[in-house]
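Visitor: Pasting in a structure now, in structure tokens, and then I'll have a few things to ask.
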Amino acid sequence: MDSQLQVYNTLTRQKEVFKPINPPLVGMYVCGPTVYSDVHLGNCRTFVSFDLIYRYLQHLGYKVRYVRNITDAGHLEGDRDEGDDKFTKKAKLEQLEPMEIVQKYTLGFHEVMRLFNTLPPNIEPSATGHITEQIEMVKQIIDSGLAYEVNGTVYFDVEKYSKDQNYTILTNRELDDLLANTRELGGQDDKKGRLDFALWIKAKPEHLMRWPSPWGWGFPGWHIECSAMSKKYLGDTFDIHGGGLDLAATHHTNEIAQSQACNHAEPAKYWMHTNMLTVNGTRMSKSAGNGFLPFELFTGDHPLLSRAYSPMTVRFFMLQAHYRSTLDFSNEALEASDKGFKRLMSAVHLLDKLPVAGSSDYNVQDLSKRCYAAMNDDFNSPVLIAELFEAVRVINSVYDGKSKLNLESLDQLRQLMKAMVFDVLGLQSEEKSEGDLTAIMDLLIRLRNEAKAKQDYATSDQIRMSLQELGIQLKDSKSGTTWDKI
RNA sequence: GGUCGGAUGGCCGAGUGGCUAGGCAGAGGUCUGCAAAACCUUUUACAGCGGUUCGAAUCCGCUUCCGACCUCCA
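What follows is the structure, encoded as structure tokens:
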């Protein structure tokens with residue numbers, strides 16, 4: 248591998264050579280889901296993207312501590328610092344305890360992540376499990392003079408912070424523009440500045456999820472959990488902080504301010520943001536009502552889908568676009584990914600059946616370099632996949648006897664394909680256990696060949712057609728007959 | 001309204017100042033008993049208008065259209 252890993256840093260708006268603070272250790276924090284309803288496919292894309300990043304960093308030999316939180320407290324409905332949090336509201340709707348909601352959707356989230364074959368993070372802290380740390384952080388921010396309490400609610404003083412620090416460092420906007428364009432907030436708001444945001448929020452007596460604090464009973468504000476938990480598990484300054492692009496302007500901007508106010512240090516060296524999944528060009532979101540739920544995809548039970556698509560097809564579909572590009576979702580696009588994914592996996596399976604030649608007419612070393620160059624260029628999975636399809640063509644050619652590979656090249660190719668397809672892209676074969684089937688298929692293929700030899704095409708075609716109906720496709724070639732599930 | 005980012009062939013999507021990713025779909029061929037699969041060949045492109053340049057789809061400007069953020073959101 249010649250090239251160095253480059254990552255796009257939202258802070259500097261350019262690609263930078265990746266240099267961890269304490270190599271080979273890498274600390275990575277990714278903002279996880281708010282577990283008050285089912286994750287939709289847009290959420291999943293972010294976590295699949297960071298799974299790719301996590302996997303590739305590990306593949307390069309980095310020892311990564313990957314922290315992804317579960318938000319189970321504190322997010323408010325609407326734009327006011329009052330009212331129920333999402334969990335309480337949802338709990339009333341479903342007549343459940345708030346923590347029942349949390350449990351239900353956390354389990355659902357984990358199941359979906361498992362189906363997408365994402366590696367679990369090393370630490371998955373929850374907001375409710377770190378109330379003490381959040382209170383401690385709020386205290387320190389107050390001590391630094393950058394937060395103030397009004398009536399049991401603590402606010403961050405953005406304008407005061409902006410005197411010494413660049414509040415809009417992530418999005419590069421002018422503070423004056425923000426001040427001029429921030430929407431007028433309604434009614435009972437005690438904060439001094441329009442941009443000030445709540446660190447701790449006073450809870451009404453009937454509020455179910457609330458904790459004691461130096462400022463009375465309340466619950467943590469919108470952004471403090473990530474600052475507190477990333478500090479606890481990764482330190483004041485760590486390597487990568489990631490999340491969806493929609494979090495940059497508000498959530499991450501405020502996180503940086505909180506961490507700076509508390510620790511007097513940049514929380515993260517590299518800020519990485521994944522782009523949105525769109526449907527017909529519009530962002531997929533719950534509020535827009537155009538969200539796809541993973542299970543709707545896996546069952547095909549959705550008006551825009553013609554059939555079910557497997558988790559690996561969807562993962563492959565996501566990886567065929569760069570993580571910083573929007574990706575437009577459609578039945579047609581999924582159909583294309585489904586076929587491409589199957590073609591790729593068929594070739595991977597064929598790797599073990601290739602004949603060895605005395606010489607090679609394909610340079611695996613070059614291919615390998617191009618694969619790593621693609622991934623080193625800010626995790627460019629679509630280019631990597633394009634290179635892998637070149638390998639697919641070579642594999643099929645060799646199997647057809649039209650190209651040849653010697654033992655060394657073949658070994659290199661096997662290792663490369665296995666590493667890229669399974670370890671880096673995180674794809675997995677979806678064929679169910681078929682150890683039993685192999686013997687039966689061998690028998691059927693032999694019977695068919697015997698019938699063909701006798702020119703009994705009625706019988707041979709019947710075998711082929713019947714298997715087709717059972718979802719098994721026979722593939723004839725000069726080297727014999729193989730089969731695949733369709 | 002403010003800020004930012006897009007516009008690539010039938011669809012999804014990379015990329016680059018000159019050597020025109022990739023997948024799917026379409027066309028032709030090889031193979032096959034016929035197919036399928038596979039392989040080979042191949043048709044549709046870089047929103048529009050100017051400018052810079054020997055050369056631009058790639059850089060600059062303008063226009064049109066679209067999106068994201070500015071409010072919880074991956």
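Positions 248 to 733 (the working numbering) are the ones given, in order, by the first sequence. In this text, a Cβ means the ideal position worked out from N, Cα and C, and glycines have one as well.
Scan the segment 317-381 and note each continuous beta strand (DSSP E) run of 3 residues or more that stays entirely inside, going in chain order.
Guide: Within the segment 317-381, no complete beta strand (DSSP E) run reaches 3 residues.
Visitor: Taking the continuous beta strand (DSSP E) assigned at TYR402, which residues delimit it?
Guide: First-last of the beta strand (DSSP E) with TYR402: 400-403.
Visitor: Taking just the CA atoms, how far does LYS410 sit from CYS509?
Guide: Near 16 Å, if we compare the C-alpha coordinates of LYS410 and CYS509.
Visitor: Give the secondary structure of GLY434 by DSSP, where H, G and I count as helix, E and B as strand, and everything else as coil.
Guide: Note on GLY434: pLDDT 44, under 50, position unreliable in the model; no value is reported.
Visitor: Assuming LEU551 and ASN522 make a contact with CB atoms under 8 Å, what is their CB distance in whole Å?
Guide: Between ASN522 and LEU551 the Cβ distance is about 21 Å, and since that is not below 8 Å, they are no contact.
Visitor: Using CA coordinates, which residue listed in GLU358, ASN364, LYS451 is at the minimum distance from ASP298?
Guide: Nearest option by C-alpha distance: ASN364.
Visitor: Just to confirm my understanding: we take ASP608, look at its own chain, exclude 5 residues before and 5 after, and list those with CB closer than 7 Å. What are they?
Guide: The answer, listed in chain order, is SER650, LYS651.
Visitor: Is it the case that the segment 559-570 contacts the segment 682-702, given that we only count it when at least three CB pairs across the two stretches are under 8 Å?
Guide: Contact between the segment 682-702 and the segment 559-570 is absent, because fewer than three Cβ pairs lie under 8 Å.
Visitor: With distances taken from CA atoms, which of THR335, LEU362, MET360 is nearest VAL349?
Guide: It is THR335.
Visitor: Could you give the DSSP three-state label for ARG457: helix, strand or coil?
Guide: Here ARG457 sits in coil by DSSP.
Visitor: Rank LEU684, LYS616, MET688, LEU714 by C-alpha distance to the C-alpha of SER235 and give the top, closest one.
Guide: Residue 235 falls outside the range modelled here, since the chain spans only 248 to 733, and no answer is possible.
Visitor: Write down the C-beta distance between CYS278 and PRO541 rounded to the nearest angstrom, noting that I regard them as a contact closer than 8 Å.
Guide: Not confirmed; about 19 Å, so no contact.
Visitor: At the level of alpha carbons, what is the spacing between ASN256 and LYS516?
Guide: Computed Cα separation, rounded: 8 Å.
Visitor: Thinking ALA638 and LEU660 are a contact (beta carbons under 8 Å), I'd like their distance in whole angstroms, please.
Guide: Yes, ALA638 and LEU660 are in contact; Cβ-Cβ is about 7 Å, under 8 Å.
Visitor: Could you check where the beta strand (DSSP E) with LYS516 kicks off and where it finishes?
Guide: Segment 515-521, the beta strand (DSSP E) holding LYS516.
Visitor: Which residues in the same chain as PRO629 place their Cβ atom closer than 7 Å to its Cβ, once the five residues preceding and following it in sequence are excluded?
Guide: Excluding sequence neighbours, PRO629 sits near GLN567, ALA568, HIS569.
Visitor: Taking the alpha carbon of ASN643 as the reference point, which residue from LEU601, ASP683, ASN623 has its own alpha carbon closest?
Guide: Cα-wise, what sits closest to ASN643 is LEU601.
Visitor: Give the list of continuous beta strand (DSSP E) stretches no shorter than 3 residues that lie fully inside the segment 461-531.
Guide: The segment 461-531 contains these whole beta strand (DSSP E) runs: 465-467, 485-491, 515-521, 524-526.
Visitor: Starting from the C-beta of VAL311, find all residues in its chain whose C-beta is less than 7 Å away, skip the five residues before and the five after it, and write them out in chain order.
Guide: Closer than 7 Å at the Cβ level, and outside the excluded window around VAL311, lie VAL273, MET275, TYR301, LEU304, GLN305.
Visitor: Starting from the Cα of LYS339, find the closest Cα among SER726, ASN369, LEU307, TYR283 and give me that residue.
Guide: Selected option, being the one with the closest Cα: TYR283.
Visitor: Is the beta carbon of GLN381 less than 8 Å from the beta carbon of GLU502?
Guide: No, the Cβ-Cβ distance between GLN381 and GLU502 is not below 8 Å.
Visitor: Check for me: the beta strand (DSSP E) holding THR728 runs from which residue to which?
Guide: Segment 727-732, the beta strand (DSSP E) holding THR728.
Visitor: Measure from the alpha carbon of ASP599 to the alpha carbon of each residue in LEU654, ALA633, PRO367, then state which is nearest.
Guide: If we check each option's Cα against that of ASP599, LEU654 comes out closest.
Visitor: Distance check for PHE545 and HIS470, CA to CA, integer angstroms please.
Guide: Approximately 33 Å between the Cα atoms of the pair.
Visitor: Just how far apart, CA to CA, sit ILE719 and GLY547?
Guide: ILE719 and GLY547: Cα-Cα distance of roughly 21 Å.
Visitor: Is it buried or exposed, ASP332, if we count other Cβ atoms within 10 angstroms and call 16 or more buried?
Guide: Looking at its Cβ environment, which holds 16 or more other Cβ atoms inside 10 Å, ASP332 is buried.
Visitor: Please give me, in chain order, every unbroken run of the beta strand (DSSP E) with length at least 3 that falls completely inside the segment 382-427.
Guide: Segments of the beta strand (DSSP E) lying fully in the segment 382-427: 394-397, 400-403.
Visitor: Would you kindly work out how many angstroms separate the C-alpha atoms of TYR414 and TRP730, rounded to a whole number?
Guide: Straight-line Cα distance between these residues: approximately 60 Å.
Visitor: Identify the continuous alpha helix (DSSP H) that holds SER707 and give its terminal residues.
Guide: Counting along the chain, the alpha helix (DSSP H) containing SER707 begins and ends at 704-716.
Visitor: I'd like the list of long-range same chain contacts for VAL595, defined as Cβ closer than 7 Å, with 5 residues on each side in sequence excluded.
Guide: MET664, VAL668, listed in sequence order.
Visitor: Out of curiosity, what's the CA-to-CA distance linking ASN739 and TRP518?
Guide: Residue numbering for the chain in the displayed model covers 248 to 733; residue 739 lies beyond these limits and cannot be assessed.
Visitor: Is it the case that the Cβ atoms of ALA496 and HIS520 are separated by a distance below 8 Å?
Guide: No, the Cβ-Cβ distance between ALA496 and HIS520 is not below 8 Å.
Visitor: Could you check if ILE733 is buried or exposed, using at least 16 other CB atoms within 10 Å of its CB as the buried criterion?
Guide: Its Cβ having fewer than 16 others within 10 Å, ILE733 is exposed.
Visitor: Where VAL295 and SER477 are concerned, what is the direct C-alpha to C-alpha distance, given to the nearest angstrom?
Guide: Answer to the nearest angstrom: the Cα atoms are 20 Å apart.
Visitor: Who are GLN261's beta bridge partners in DSSP?
Guide: Its beta-bridge partners are ASN256.
Visitor: Tell me whether GLY392 is buried or exposed, calling it buried when 16 or more other Cβ atoms sit within 10 Å of its Cβ.
Guide: Exposed, because fewer than 16 other Cβ atoms sit within 10 Å of the Cβ of GLY392.
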